[in-house]
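Per my numbering, residue 12 is the first one in the sequence shown, and the count goes up by one each step. A short write-up of the structure that comes next.
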Amino acid sequence: MTSLATMIDHTQLKPETREEKIREICTEAKDYQFASVCVNPTWVKLSSELLTGTGVDVCTVIGFPLGANTPEVKAFETTDAIANGATEVDMVLNIGALKDGNDELVEKDMKAVVEAAKGKALTKVILETCLLTDEEKVRACEIAKRAGLDFVKTSTGFSTGNATVEDVALMRKTVGSDLGVKASGGIRSLEDAEAMKNAGATRIGASAGVKIVKGEQSDSDY
12 MTSLATMIDH
22 TQLKPETREE
32 KIREICTEAK
42 DYQFASVCVN
52 PTWVKLSSEL
62 LTGTGVDVCT
72 VIGFPLGANT
82 PEVKAFETTD
92 AIANGATEVD
102 MVLNIGALKD
112 GNDELVEKDM
122 KAVVEAAKGK
132 ALTKVILETC
142 LLTDEEKVRA
152 CEIAKRAGLD
162 FVKTSTGFST
172 GNATVEDVAL
182 MRKTVGSDLG
192 VKASGGIRSL
202 EDAEAMKNAG
212 ATRIGASAGV
222 KIVKGEQSDS
232 DY
């Protein structure tokens, strides 16, 4: 159970999130020794202050949730987040560029974040697998490897679908042991989390982290 807790990014990305909730998830993350809290950029500074010295990382999102910002904007977001205390960043893929076959722009977009984070923060790229064909998922993973990302991640939790065991397995097969794989979106129980882990996930993004490690079922939508 402990090993699973250390895989969880304890997530709160809803737009209506208030300070009280951020303080709550930071306390939970410290108590359960989750890998990180994953919060919107506006909450990075507070989360960093609350978690200093606890061993829990502060993760934030870049170009979220659509991925349709320019590389320059994503790089600025990354630099700003790190200045405020972020130690991990989850960027969203330029989905339209991938679908257009513009792999050069997709890679440039990823590299902008990787370069901005270099030596300062772990980088993950969200593929939004529910919007991609299997061929596109494979291409995105291959580009992520070339661009120097640390992780590939399934979903934002804000689109038409969530993580699936099949997608996690495909992503793991494509990246091999070179990159981490983060499953996120719709993981509501210990069984869900274990299934993702068994498929090759090395990180779990969920707002239901406490219930997951307690073996309870959550009705959370992320």
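Think of the CB as a built atom: it goes at the ideal place given N, C-alpha and C, for glycine as much as any other residue.
Does the separation of the CB atoms of residue i and residue j fall below 8 angstroms?
| i | j | result |
| --- | --- | --- |
| residue 141 | residue 171 | yes |
| residue 162 | residue 76 | no |
| residue 321 | residue 117 | In the structure displayed, the chain extends from 12 to 233; residue 321 sits before or after that span and is not available. |
| residue 207 | residue 174 | yes |
| residue 85 | residue 128 | no |
| residue 231 | residue 183 | no |
| residue 96 | residue 72 | no |
| residue 165 | residue 178 | yes |
| residue 92 | residue 52 | yes |
Compute the beta-carbon to beta-carbon distance between residue i and residue j, rounded to the nearest angstrom, for a pair I have assumed lies under 8 angstroms.
| i | j | result |
| --- | --- | --- |
| residue 67 | residue 87 | The pair is not a contact, with the Cβ atoms about 26 angstroms apart (cut-off 8 angstroms). |
| residue 160 | residue 125 | 6 angstroms |
| residue 104 | residue 139 | 7 angstroms |
| residue 62 | residue 34 | At roughly 11 angstroms, the Cβ-Cβ gap does not stay under 8 angstroms, so residue 62 and residue 34 are not in contact. |
| residue 180 | residue 216 | With 8 angstroms as the limit, residue 180 and residue 216 do not qualify as a contact, their Cβ atoms being about 17 angstroms apart. |
| residue 49 | residue 24 | 7 angstroms |
| residue 197 | residue 19 | The pair is not a contact, with the Cβ atoms about 14 angstroms apart (cut-off 8 angstroms). |
| residue 102 | residue 154 | That belief does not hold up - the Cβ atoms of residue 102 and residue 154 are roughly 13 angstroms apart, past 8 angstroms. |
Where does the unbroken beta strand (DSSP E) through residue i begin, and where does it stop?
| i | result |
| --- | --- |
| residue 18 | Here residue 18 belongs to no beta strand (DSSP E), and DSSP marks it neither H nor E. |
| residue 164 | 162-164 |
| residue 71 | 68-73 |
| residue 211 | First-last for residue 211: undefined, no H or E at that position. |
| residue 47 | 47-50 |
Is it right to say residue i is buried, meaning 16 or more other beta carbons lie within 10 angstroms of its own, or is it exposed?
| i | result |
| --- | --- |
| residue 64 | exposed |
| residue 209 | exposed |
| residue 74 | buried |
| residue 29 | exposed |
| residue 135 | buried |
| residue 188 | exposed |
| residue 132 | buried |
| residue 38 | exposed |
Would you mind reading off the limits of the alpha helix (DSSP H) that contains residue i?
| i | result |
| --- | --- |
| residue 56 | 55-62 |
| residue 29 | Segment: none, residue 29 is in no alpha helix (DSSP H) and carries neither H nor E. |
| residue 141 | Neither: residue 141 is in no alpha helix (DSSP H) and is coded neither H nor E. |
| residue 220 | 220-225 |
(request) Ignoring anything shorter than 3 residues or poking outside the segment 79-122, list the beta strand (DSSP E) runs there in chain order. (result) With a minimum length of 3 residues, the continuous beta strand (DSSP E) runs that stay inside the segment 79-122 are 99-103.
(request) Would you list, in sequence order, the uninterrupted alpha helix (DSSP H) runs of no fewer than 4 residues that lie entirely inside the segment 152-204? (result) 176-186
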